[in-house]
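Novice:
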DNA sequence: ATTAATCAATATTTCAAAAATAAATTATAA
DNA sequence: TTATAATTTATTTTTGAAATATTGATTAAT
């Protein structure tokens with residue numbers, strides 16, 4: 001079971017990542033109260049958490065805003081994700097045991113299933129694809145041995161994902177292939193190659209997003 | 001000027017870092033209200049922010065606790081700080097302009113002044129040493145060009161500092177020398193050597209803290 | 001016409017008090 | 001002793017209102 005607080009946290013965070021609350025838009029407390037039927041204090045607690053996590057900007061005495069989009073921000077987040085995820089992947093491939101390997105196989109299998117039936121822009125599927133995509137990347141680095149590293153990475157993953165989802169729904173075959181490469185080299189414990197394709201994976205998504213950046217705003 | 005919210009945030013965070021609120025201790029809302037004379041909602045907002053930042057643990061329906069100490073946690077944080085600060089330092093040494101260099105010289109000078117008159121365990125001085133130590137490390141990486149990187153690093157710096165301050169007040173001449181090495185190689189734009197001494201700097205502090213770990217709890 | 005100052009409207013911030021809900025403790029019965 | 005029920009305690013959530021700051025519009029002054 002969830003408390004009201006934690007479930008509205010999840011809802012608002014989700015709505016920011018999926019663009020239902022648009023980048024840079026003002027988060028008026030009264031209006032939020034209509035869409036998320038909880039009390040003001042609960043909403044303020046949620047927004048305070050989200051601002052610590054970079055999804056919301058809190059301007060003193062002026063209220064809350066969804067974090068805006070910018071090229072620079074996107075590039076920074078992509079590079080930080082590469083830095084942390086590469087580091088974690090390297091550790092994970094050194095330490096991963098049988099359980100880790102089993103989970104990775106399962107996560108990759110589930111992701112493959114959904115990626116193959118994804119004929120773009122099906123809203124329902126995008127949301128569950130997000131879930132399996134995340135679980136695959138998490139499974140890769142799960143054996144890195146550092147809870148703090150995983151939690152920092154999780155935050156960057158979500159912030160990167162927000163750009164990906166809002167700017168472009170899904171990148172298609174290219175991304176599927178990259179996932180396969182990361183997967184195969186991970187099972188071989190070939191850290192250098194796995195990291196190489198992880199970088200390609202994130203950088204390709206970055207390029208895609210940057211190209212679309214001006215079109216959408 | 002500060003809002004009541006942001007100034008209690010600073011106070012509570014400071015008290016956690018300096019150990020006035022002890023690791024793993026329960027943060028009862030009523031008691032906090034006595035020590036920090038603000039309303040319950042303000043306190044809860046603060047604790048929610050601090051829990052997103054890793055200083056506080058929020059257990060659903062069971063309240064808030066100061067994040068506990070553990071060897072594993074300390075090691076993880078030290079390694080993450082090395083990872084992020086090395087990365088940032090490397091970028092900064094590539095990009096730093098005249099202003100950056102001037103600020104670094106100033107920051108190092110101020111730090112030197114205070115480090116030389118630090119005859120250990122003077123409580124007032126520890127607090128301003130923390131400030132100048134932080135400003136020196138920040139000055140080093142200031143030209144890295146990534147706001148997100150600096151803000152992630154700032155969080156890890158504070159969490160690492162909490163262990164350092166609570167476990168050992170000050171490490172003395174050794175640390176001063178390390179600061180000087182980082183400084184000198186930074187001015188020479190010798191990233192490899194600067195990073196090498198940065199690692200030594202953090203790892204020595206880590207060893208020190210780990211050695212003392214059992215004595216204090 | 002532009003700038004400054006004033007006033008009203010709007011929104012955020014903060015507080016206080018109480019109802020709802022869950023956890024922890026104690027007392028009771030098997 | 002164990003399990004269950006009742007009590008106490010603490011957190012979570014809501015409500016409503018007061019204090020404070022910002023915004024926008026109106027008016028006055030340069």
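Chains as they are written, first to last, in this note's numbering: chain F, 1 to 217; chain U, 1 to 217.
Don't be surprised by glycine CBs; every beta carbon is placed ideally from N, CA and C.
1. Using a beta-carbon distance below 9 Å, is residue 8(F) in contact with chain U?
2. Which of helix, strand or coil does DSSP assign to residue 26(F)?
3. Using a beta-carbon distance cut-off of less than 9 Å, what residues from the region 137 to 150 of chain U approach chain F?
4. Let me check one thing: in DSSP terms, what residues is residue 64(F) bridge-paired to?
5. Should residue 105(U) go down as buried or exposed, given a rule of 16 or more other Cβ atoms within 10 Å for buried?
6. Three or more C-beta pairs under 8 Å: does that hold for the region 147 to 164 of chain F against the region 106 to 113 of chain F?
7. Given that residue 87(F) touches chain U, what residues does it touch there, using C-beta distances under 8 Å?
8. Is there a Cβ from chain F that is less than 9 Å from the Cβ of residue 41(U)?
9. Per DSSP, what kind of secondary structure is residue 163(U) in: helix, strand or coil?
10. How about residue 53(F) and residue 52(U): are their beta carbons less than 9 Å apart?
11. What does a CB cutoff of less than 7 Å around residue 18(U) pick up in its chain, not counting 5 residues either side in sequence?
12. Take residue 103(U) and list the residues in its own chain whose beta-carbon comes closer than 7 Å to its own, dropping the five residues that flank it on each side.
13. For chain U, is any of its Cβ atoms less than 9 Å away from the one on residue 14(F)?
14. Using C-beta distances below 6 Å, list every residue in its chain close to residue 46(U), excluding the 5 sequence neighbours before and after it, in chain order.
15. Does DSSP put residue 217(F) in a helix, a strand or coil?
16. Check for me: the alpha helix (DSSP H) holding residue 15(U) runs from which residue to which?
17. Name the chain F residues whose beta carbon is nearer than 8 Å to that of residue 3(U)?
18. Alpha carbons only, please: which of 76(F), 98(F) and 194(F) is nearest the one belonging to residue 157(F)?
19. Just verifying my parser: in three-state terms, what is the DSSP assignment at residue 38(F)?
20. Pull up the distance between the alpha-carbon of residue 74(F) and that of residue 68(U), whole angstroms please.
21. Taking all protein chains shown into account, decide if residue 63(F) is buried (16 or more other Cβ within 10 angstroms of its Cβ) or exposed.
22. Within a Cβ cutoff of 8 Å, which residues of the same chain sit near residue 195(F), ignoring the five residues on either side of it in sequence?
23. Can you tell me whether DSSP reads residue 73(U) as helix, strand or coil?
24. For residue 187(U), which of 57(U), 16(U) and 100(U) has the nearest alpha-carbon?
25. Out of 115(F), 55(F) and 4(F), point me to the one whose CA is closest to residue 27(F)'s CA.
26. Determine the extent of the alpha helix (DSSP H) in which residue 110(F) is found, giving its start and end residues.
27. Rounded to whole angstroms, what is the Cα-Cα separation between residue 182(U) and residue 114(F)?
28. List the endpoints of the continuous alpha helix (DSSP H) containing residue 186(U).
29. Please report how far the alpha carbon of residue 179(U) lies from the alpha carbon of residue 201(U), in whole angstroms.
30. Beta-carbon separation of residue 6(U) and residue 60(F) under 9 Å?
31. Using a Cβ-Cβ distance cut-off of 9 Å, determine whether residue 97(F) contacts chain U.
32. What are the residues in the region 41 to 56 of chain U lying within 7 Å of chain F by C-beta distance?
33. Select from the region 68 to 79 of chain U all residues with a C-beta closer than 9 Å to any C-beta belonging to chain F, and list them in chain order.
34. Check the Cβ-Cβ distances between residue 152(U) and every residue of chain F, and say whether any is below 9 Å.
35. Pull up the distance between the alpha-carbon of residue 44(F) and that of residue 81(F), whole angstroms please.
36. Going by the CB atoms, is the gap between residue 160(U) and residue 96(U) shorter than 9 Å?
Specialist: Considering the structure as presented:
1. No, no contact with chain U.
2. Under the three-state reduction of DSSP output, residue 26(F) falls in the strand class.
3. Cβ contacts with chain F come from 145, 146, 147, 148 and 149.
4. Looking at the DSSP output, residue 64(F) bridges to 27(F) and 58(F).
5. Classification for residue 105(U): exposed.
6. In the pairwise beta carbon analysis, the region 147 to 164 of chain F is classified as not touching the region 106 to 113 of chain F: fewer than three pairs are separated by under 8 Å.
7. The contacting residues are 83.
8. For residue 41(U), the nearest CB of chain F lies under 9 Å from its own CB, placing it at the interface with that chain.
9. Note: residue 163(U) maps to helix in three-state DSSP.
10. Yes, they are a contact pair.
11. Here the set comprises 165.
12. Here the set comprises 139 and 142.
13. Contact with chain U is absent for residue 14(F), since none of that chain's Cβ atoms lies less than 9 Å from the residue's Cβ.
14. 8, 9 and 12, listed in sequence order.
15. For residue 217(F), the pLDDT reaches just 46, beneath the cut-off of 50, and the residue's location in the model is therefore unreliable, although a value from the coordinates is still provided. Residue state, collapsed to three classes: coil.
16. Here the alpha helix (DSSP H) through residue 15(U) covers 4 to 17.
17. Simply 60 and 61.
18. Comparing Cα-Cα distances from residue 157(F) to each of 76(F), 98(F) and 194(F), the minimum goes to 76(F).
19. Coil.
20. So the alpha carbons of these two residues sit roughly 34 Å apart.
21. Residue environment: residue 63(F) is assigned as exposed (fewer than 16 neighbouring CB atoms within 10 Å of its CB, all protein chains considered).
22. Closer than 8 Å at the Cβ level, and outside the excluded window around residue 195(F), lie 86, 89 and 90.
23. It is helical.
24. Relative to residue 187(U), the option among 57(U), 16(U) and 100(U) whose CA is nearest is 100(U).
25. Considering only alpha carbons, the answer is 55(F).
26. Segment 98 to 116, the alpha helix (DSSP H) holding residue 110(F).
27. Take the alpha-carbon of residue 182(U) and the one of residue 114(F): they are about 50 Å apart.
28. Element bounds for residue 186(U): 173 to 187.
29. One C-alpha to the other measures close to 8 Å.
30. In this structure, the beta-carbon distance from residue 6(U) to residue 60(F) falls below 9 Å.
31. For residue 97(F), the answer is no, since every Cβ of chain U falls outside 9 Å of its Cβ.
32. Considering only beta carbons, the part of the region 41 to 56 of chain U lying closer than 7 Å to chain F consists of 41, 44, 45, 48, 49, 52 and 53, in chain order.
33. Residues 72, 73, 75, 76, 77 and 79.
34. When Cβ-Cβ separations below 9 Å define contact, residue 152(U) makes contact with chain F.
35. For residue 44(F) and residue 81(F), the distance between alpha carbons rounds to 29 Å.
36. Remark: C-beta atoms of residue 96(U) and residue 160(U) do not approach each other more closely than 9 Å.
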